[in-house]
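Contents: one structure, followed by commentary.
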Amino acid sequence: MLKRMLSCILCLCLVFGCTSLSAAAENDTLNILISAEPVTLNTLESKSNLDTYVFYLTSALLYRSIGLEVIPELCDTMTVSEDGTTYTYTIKDARYSDGTPIVADDFVYFMIKNYLTGDNAWMFVGGEDTINGSLDTCEGIYALDDKTFVVTLAAPNVTFNGKLEIYPVNRAFVEAKGAAYGGTPADLQYSGPYILDDWTIGTSLTLHKNPDYIYADTYFPVRNVGLYYSADISSRYSMWQNDEVDVMVNVPNELVELLGEENCNKYTAGNVVGIEFNTTGFTYTEGDGFQSRGEDVTALLKNRNFRMALCYAVDREALVDSISPSETAFNRYVDPNIPYGESTYVDSFPMENVIPLTGDADKARECLQKALEELGYASVSELPKLSYLCFETDVQKMFAVTMVSLWKSILGLENIEINMQPIQSAIMSMVFMNYDLYTQQLTLNPDNMLELLSYWETTGGVSDAAGFQASGVPSFMASIHANADYDALVESMYANFDEASRYADAAKAEQMLYDDFVFFPLYAGGGFEIVKPYVEGWVNPYLENGYGIANTTVAAH
Amino acid sequence: MSLLSSVSWKGWDSMLRYILRRFLISLATVWMIATICFFLIRMLPGNPFIVANPLDMTNAERLMDYYGLSDPLWQQYVRFLGNLVHLDFGYSLAHPGRSVNDVIIQYFPVTAQLAVQAILFGIPTGILLGILSAYRRGSGLDYGTQMLTILTTAIPSYVLAALLQLLFSVQLHWFPASGWKNFSYTILPTICLSLGLIAGYCRFMRTLMLEVGQQDYLRTAKAKGLSNIRIIVFHQIRNAILPLVTNLGLEIAGLLMGSYVIEKIFSVPGLGKYFVTSINELDYTMALGLVVFQAVVVVAANFLVDLLYGIVDPRVKVA
Numbered sequence: 012m013l014k015r016m017l018s019c020i021l022c023l024c025l026v027f028g029c030t031s032l033s034a035a036a037e038n039d040t041l042n043i044l045i046s047a048e049p050v051t052l053n054t055l056e057s058k059s060n061l062d063t064y065v066f067y068l069t070s071a072l073l074y075r076s077i078g079l080e081v082i083p084e085l086c087d088t089m090t091v092s093e094d095g096t097t098y099t100y101t102i103k104d105a106r107y108s109d110g111t112p113i114v115a116d117d118f119v120y121f122m123i124k125n126y127l128t129g130d131n132a133w134m135f136v137g138g139e140d141t142i143n144g145s146l147d148t149c150e151g152i153y154a155l156d157d158k159t160f161v162v163t164l165a166a167p168n169v170t171f172n173g174k175l176e177i178y179p180v181n182r183a184f185v186e187a188k189g190a191a192y193g194g195t196p197a198d199l200q201y202s203g204p205y206i207l208d209d210w211t212i213g214t215s216l217t218l219h220k221n222p223d224y225i226y227a228d229t230y231f232p233v234r235n236v237g238l239y240y241s242a243d244i245s246s247r248y249s250m251w252q253n254d255e256v257d258v259m260v261n262v263p264n265e266l267v268e269l270l271g272e273e274n275c276n277k278y279t280a281g282n283v284v285g286i287e288f289n290t291t292g293f294t295y296t297e298g299d300g301f302q303s304r305g306e307d308v309t310a311l312l313k314n315r316n317f318r319m320a321l322c323y324a325v326d327r328e329a330l331v332d333s334i335s336p337s338e339t340a341f342n343r344y345v346d347p348n349i350p351y352g353e354s355t356y357v358d359s360f361p362m363e364n365v366i367p368l369t370g371d372a373d374k375a376r377e378c379l380q381k382a383l384e385e386l387g388y389a390s391v392s393e394l395p396k397l398s399y400l401c402f403e404t405d406v407q408k409m410f411a412v413t414m415v416s417l418w419k420s421i422l423g424l425e426n427i428e429i430n431m432q433p434i435q436s437a438i439m440s441m442v443f444m445n446y447d448l449y450t451q452q453l454t455l456n457p458d459n460m461l462e463l464l465s466y467w468e469t470t471g472g473v474s475d476a477a478g479f480q481a482s483g484v485p486s487f488m489a490s491i492h493a494n495a496d497y498d499a500l501v502e503s504m505y506a507n508f509d510e511a512s513r514y515a516d517a518a519k520a521e522q523m524l525y526d527d528f529v530f531f532p533l534y535a536g537g538g539f540e541i542v543k544p545y546v547e548g549w550v551n552p553y554l555e556n557g558y559g560i561a562n563t564t565v566a567a568h
Numbered sequence: 141m142s143l144l145s146s147v148s149w150k151g152w153d154s155m156l157r158y159i160l161r162r163f164l165i166s167l168a169t170v171w172m173i174a175t176i177c178f179f180l181i182r183m184l185p186g187n188p189f190i191v192a193n194p195l196d197m198t199n200a201e202r203l204m205d206y207y208g209l210s211d212p213l214w215q216q217y218v219r220f221l222g223n224l225v226h227l228d229f230g231y232s233l234a235h236p237g238r239s240v241n242d243v244i245i246q247y248f249p250v251t252a253q254l255a256v257q258a259i260l261f262g263i264p265t266g267i268l269l270g271i272l273s274a275y276r277r278g279s280g281l282d283y284g285t286q287m288l289t290i291l292t293t294a295i296p297s298y299v300l301a302a303l304l305q306l307l308f309s310v311q312l313h314w315f316p317a318s319g320w321k322n323f324s325y326t327i328l329p330t331i332c333l334s335l336g337l338i339a340g341y342c343r344f345m346r347t348l349m350l351e352v353g354q355q356d357y358l359r360t361a362k363a364k365g366l367s368n369i370r371i372i373v374f375h376q377i378r379n380a381i382l383p384l385v386t387n388l389g390l391e392i393a394g395l396l397m398g399s400y401v402i403e404k405i406f407s408v409p410g411l412g413k414y415f416v417t418s419i420n421e422l423d424y425t426m427a428l429g430l431v432v433f434q435a436v437v438v439v440a441a442n443f444l445v446d447l448l449y450g451i452v453d454p455r456v457k458v459a
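Top to bottom, those sequences are chains V and Y.
Residue 193 in my numbering sits at position 182 of the first sequence, with consecutive numbering throughout.
Residue 221 in my numbering sits at position 81 of the second sequence, with consecutive numbering throughout.
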């Protein structure tokens, strides 16, 4: 009896198992194993680059490819006034998947609700009035008719050209859905190449082709897309080996060796990770305001030779290769992917006096000796204690522990203590400047180098505790770098529309950062991806703003 | 006749009083859990809007104001209680557009399905193995079962899960490794959840069967000439199973709360995983909603088991 029951159960399992696996063999389906699921598909609330997959669901006015080429999608024409402040757009005939026509006001609504923020409101005529008054309209952003809308800038600004990912969002639809907008497939309108069938949080998103997409006949040949998410490394491996997915983006380091590094493609994703120094000399506490971190600590962190000694002591190539091979040891302050001419900006404009990625122990000791002399210390044992803040994650922990150990063995430094905290706590500590050294990840918009360079500008013209106390600028905006020449150069770049000259200025600005050595770059964030041989035309969607599968096909397998 | 009616009414009256008293205690328990969790989660550092982009503090502050999280804590608590009375847990802070109620409605059935499958497979199997093991005490079957239960108890579920995936997905290609589409996707997580149940109930049932086997009434039953099967089924199992019922309530409640490890490994969209991630993301509304819901499930399961106990064991009466 028991045997019979077991046989029945086994047979049932086999039947169901085989049924499900046969689905993976369909050629019109592309199954992608993603590394993190979107935070939201609400186009107006999207706040994370993990929401890249929203690009599959919505069209853009224009978008920029990995090569920074501006590609019109729903934009028919774009004209710029002679003074460079007024942009007039006309749009193509297009519809959402529910038949609603896409009109110019849909772009205006998106710009006011999503694009316009407290940080960039100054850029648009009437922008600050809209933000301050929480208005639904903006004097400088308006529709002339159903097909035309106008954007008026307060002054010519090169970064506006760099951020053209503007999506149509229907005001009436959003208002009808209220807080539920973007929560489930039924609560979204689709103008992009795909329609969402299902979003099971923590598991998968399944999409099918949108026949009403403006380029449905030309691009995105794959009819169904499955985006699968698994946080567990062994499950990711099993899914790949069991042919449940055709592409795995962000292959975990642990799996690269198992799957063979030669089978994986390595890419850099546009963020720079390194060590930031709290040179402001203060910590902020709610209630008490700005408090000094100690004059000796501040003097030490402000000492360029000390900061350089820390960097010289580390062989970043060996460190990154051994701890996190998916990252690339990096020596620059900007995104490695920014193209320039036939090459990249990074290759076209090399920096001078750079610290080699392999480090130099003798040079490190020399720099430290200089720092001790400049600061009047007789030996390293007299140096004040420093707190090195980092996330309580495996990778950050290993980087921190190894570097502190290197600093101890090469430089004899025993004054640096690791302060490892859960991500939330660490971020709050960083926000309140409660650190001396901090592993900072600078996430960049790959087409806007100015975004990163402006991070190092002197905030509000003040760079000391008293100035901040008086200005009311929040602590997280405190300048950890203050250089008037640098500020002037970066500001001038906002109105410089000549690309060659602007890039040359960017190189000058970056060289200034390097000379001041405000940041100790460790690596350029990235990852490995692996693609089944029958998938052709695959481009990493992160690098191509979701358009990576525009020409992807899945051959019979 | 009138005496019988009055006795019967008296029984119902005390039962109703008991139910009402338990209901009020349950309400107070749920309120206490909700209150403690409300204040505990707010003591965690950080805010829900800076996880995705730590540098975008302006936006984070705007969202804090929008969701009323900048208001004094007591005001937020009063608002929370008001919403709780209306069974409205609000919208997720981490996943805009998702209401907590919708998440419970959508994902509790997933957790419940796995729990039911695991219970239906695990508990009878465990009990059956326990009975056989006790019946064949000292045999190869007994030793084999004991070894198996020790192994499955000692090996952590995440190791078992990985082993099952390697065997059934990577090597044999029988079942999908991860995801949630149809019944085949539920088999590996069900087996994984069941193994613990099988081991626990097998050992428990074996011990109880052996204990009951020493009782005088079994000797009497044998002396009366009853068959072994009748003795085991109607005397030994019936008496041995009583303590299992007490355990069952907590077991069901635990399974209905979901298993974070199993759900994470097999990408099962259940409440367990949701609960843990909502705390990591400081998704206050989601975490509190799930805490309250799970508190209700635990309290209700215990209540039902208490009632069930009275049915299984006629000696148990309302005092």
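Beta carbons: idealized from backbone N, C-alpha and C, even for Gly.
Proximity below 8 Å, CB of residue i to CB of residue j
i	j	result
Y414 of chain Y	G213 of chain V	yes
N260 of chain V	L44 of chain V	Per the sequence shown, residue 260 of chain V should be read as Val rather than Asn. In this structure, L44 of chain V lies closer than 8 Å to V260 of chain V by Cβ.
V119 of chain V	I152 of chain V	yes
Y449 of chain Y	T386 of chain Y	yes
E255 of chain V	N42 of chain V	yes
L453 of chain V	M504 of chain V	no
T330 of chain Y	L269 of chain Y	no
Y53 of chain V	G193 of chain V	It should be noted that the sequence gives Asn, not Tyr, for residue 53 of chain V. Against a cut-off of 8 Å, the Cβ pair of G193 of chain V and N53 of chain V comes out as a contact.
I334 of chain V	A375 of chain V	no
S246 of chain V	S318 of chain Y	yes
L358 of chain Y	I338 of chain Y	no
For residue i, the nearest candidate out of the options (CA to CA)
i	options	result
T369 of chain V	V:A324, V:T97, V:V267	V:A324
T404 of chain V	V:S436, V:E384, V:E93, V:L422	V:S436
W418 of chain V	V:M504, V:Y399, V:V406, V:G387	V:Y399
W210 of chain V	Y:Y247, Y:L390, Y:R182	Y:Y247
L311 of chain V	V:T413, V:G387, V:Y205	V:G387
L511 of chain Y	Y:S232, Y:W152, Y:L167, Y:I245	Residue 511 of chain Y lies beyond the residue range present for chain Y, which begins at 141 and ends at 459; the question has no answer from this structure.
V267 of chain V	V:I541, V:N551, V:D208	V:I541
A105 of chain V	V:Y178, V:T97, V:Y98, V:V114	V:V114
S334 of chain Y	Y:L350, Y:F261, Y:H313	Y:F261
E84 of chain V	V:Y74, V:S92, V:E93	V:Y74
M183 of chain Y	Y:F163, Y:L213, Y:R370, Y:Y206	Y:L213
F317 of chain V	V:V529, V:S333, V:A191	V:V529
Neighbour list for residue i in chain Y, Cβ cutoff strictly below 7 Å
i	result
M439 of chain V	P185, G186
D198 of chain V	G237
T294 of chain V	Within 7 Å Cβ-Cβ: nothing; T294 of chain V doesn't reach chain Y, min ~15 Å.
Under 8 Å from the C-beta of residue i: neighbouring residues of chain V
i	result
S334 of chain Y	Neighbours of S334 of chain Y on chain V: none; closest Cβ ~12 Å, over 8 Å.
Y424 of chain Y	Simply none; closest approach about 13 Å.
Interface partners of residue i on chain V, CB under 7 Å
i	result
Q305 of chain Y	S245, S246, S249
Amino acids of chain V, ordered along the chain, whose beta-carbon sits closer than 9 Å to that of residue i
i	result
S126 of chain Y	Chain Y is shown from 141 up to 459; residue 126 of chain Y falls before or after that span and cannot be answered.
Y414 of chain Y	I212, G213
K404 of chain Y	G213, S241, A242, D243, S246
Contact list for residue i against chain Y, beta-carbon separation under 8 Å
i	result
E462 of chain V	The contacting residues do not exist; E462 of chain V stays about 10 Å from chain Y at best.
S436 of chain V	P185, G186
Chain Y contact residues for residue i, given Cβ-Cβ distances below 9 Å
i	result
E255 of chain V	S309, P316, A317, S318, G319
Y192 of chain V	P236, G237
Worksheet item: What are the residues of the stretch 211-243 of chain Y that lie near chain V, defined by any Cβ-Cβ distance shorter than 8 Å?
Response: Within the stretch 211-243 of chain Y, the residues whose Cβ lies closer than 8 Å to some Cβ of chain V are Y231, A234, H235, P236, G237, R238, S239, D242, V243, listed in chain order.
Worksheet entry | Under 8 Å (Cβ pairs) to chain Y, residues found in the stretch 212-236 of chain V | I212, G213, T214, S215
Item to complete: Report the residues of the stretch 295-322 of chain Y with a CB closer than 7 Å to any CB of chain V, ordered along the chain.
Response: A302, Q305, L306, S309, V310, H313, W314, F315, P316, A317, S318, G319, W320, K321, N322
Fill in: Proximal residues, the stretch 381-400 of chain Y versus chain V, C-beta separation under 8 Å
none
Fill in: Inter-stretch contact (C-beta, 8 Å, three-pair minimum) for the stretch 290-309 of chain V and the stretch 169-176 of chain Y
no
Practice prompt. Could you tell me whether the stretch 406-426 of chain Y touches the stretch 230-248 of chain Y, where touching means 3 or more Cβ pairs closer than 8 Å?
Written response: yes
Worksheet item: Are the stretch 266-282 of chain Y and the stretch 341-355 of chain Y touching by the rule of at least three beta carbon pairs closer than 8 Å?
Response: yes
Discussion item. If the cut-off is 9 Å on Cβ atoms, which residues from the stretch 262-281 of chain V count as contacting chain Y, listed in chain order?
Written reply: Considering only beta carbons, no part of the stretch 262-281 of chain V lies closer than 9 Å to chain Y.
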